[in-house]
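Asker: Per this note's numbering, residue 259 is the first one in the sequence shown, and the count goes up by one each step.
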Amino acid sequence: SWGLNRYHQKNDNFQCYFHQADRRDSLSHSAIHSLASDRSGNVWIGTRNGLNCWEKARGRFTHYLTNPVHDGRSLNDTVWAIHADSNGRLWIGTFEGIRLFDPLKDRFISIRHDECDPKSISQNDIRTICEDRSGTLWFGTSYGGLNKLLKHSTAFEHIRSGTDRSFQLNNPLVWSIYG
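(1) Determine whether the beta carbon atoms of T386 and I435 lie at a separation below 8 Å.
(2) Tell me whether N429 sits in a helix, a strand or coil according to DSSP, three-state version.
(3) Whole-angstrom Cβ separation of S380 and F414, contact assumed at under 8 Å?
(4) Looking at the structure shown, is R357 part of a helix, part of a strand, or coil, going by DSSP?
(5) Tell me which same chain residues have a C-beta within less than 8 Å of the C-beta of R370, skipping the five on either side of it?
(6) For the beta strand (DSSP E) that W302 lies in, which residues bound it at each end?
(7) Considering only their Cβ atoms, is the gap separating Y401 from P430 smaller than 8 Å?
(8) Quick check on the burial criterion: 16 or more other C-beta atoms within 10 angstroms. Buried or exposed for D329?
(9) Please say whether G351 and R297 have beta carbons closer to each other than 8 Å?
(10) State the start and end residues of the unbroken beta strand (DSSP E) segment that holds A294.
(11) What are the boundary residues of the beta strand (DSSP E) that includes I379?
(12) Residues bridged to K406 by DSSP?
(13) Alpha carbons only, please: which of N300, L323, Y322 is nearest the one belonging to K314?
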């Protein structure tokens with residue numbers, strides 16, 4: 259969608275938020291790809307230009323670029339998916355892999371595909387994140403299939419199309435998961 263629309267039930271109207279280049283406390287981009295709320299009531303917004311947190315008490319947005327700057331240029335910072343898990347952690351799916359955000363330390367941990375590690379995430383373009391009832395996290399990728407995060411680790415089990423399993427995907431493109 260373009261911008262963020264917040265419905266106010268009391269007044270039966272919408273408040274619209276957009277990127278405003280002259281305001282640092284506006285959204286970092288108007289193209290919104292994902293939303294999630296955390297235990298503290300913050301609303302996290304994934305945009306074409308990073309992660310934003312709506313701080314209701316302050317009435318403003320805080321921006322987080324999820325990718326580091328390399329050689330003076332920023333990597334693709336599109337945030338496709340956000341999930342606040344049952345342990346209070348914030349998982350962010352980007353074009354460049356998974357970012358696990360620790361809001362208390364205000365830092366990101368990067369989880370990326372590693373061709374030398376068969377237990378790494380199958381592909382870096384993370385499109386969706388879901389937590390099932392047992393607390394297991396699932397990550398859908400663009401052409402890398404489905405990935406199940408193994409408990410208490412950063413290792414993944416891969417579920418792809420054409421694998422030798424009792425169940426498999428019919429397509430390696432996973433843009434949505436419901437658990």
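In this text, a Cβ means the ideal position worked out from N, Cα and C, and glycines have one as well.
Remember, it's a predicted structure, so these values are computed and weren't measured experimentally.
Answerer: With the structure as the only source:
(1) Pairing T386 with I435 gives a Cβ-Cβ distance under 8 Å.
(2) coil
(3) 7 Å
(4) strand
(5) Residues of the same chain with a CB within less than 8 Å of the CB of R370, apart from the 5 flanking positions on each side, are E354, G355, I356, S378, I379, N382 in chain order.
(6) 301 to 305
(7) yes
(8) Since pLDDT at D329 reaches only 45, below the 50 mark, its modelled position is unreliable, and the value read off the structure follows with that caveat. Burial call: exposed.
(9) No, the pair does not count as a contact, with Cβ atoms beyond the cut-off.
(10) 290 to 295 is the extent of the beta strand (DSSP E) around A294.
(11) Taken as a continuous stretch (DSSP letters only), I379 belongs to no beta strand (DSSP E), as it is neither H nor E.
(12) W396, E415
(13) N300
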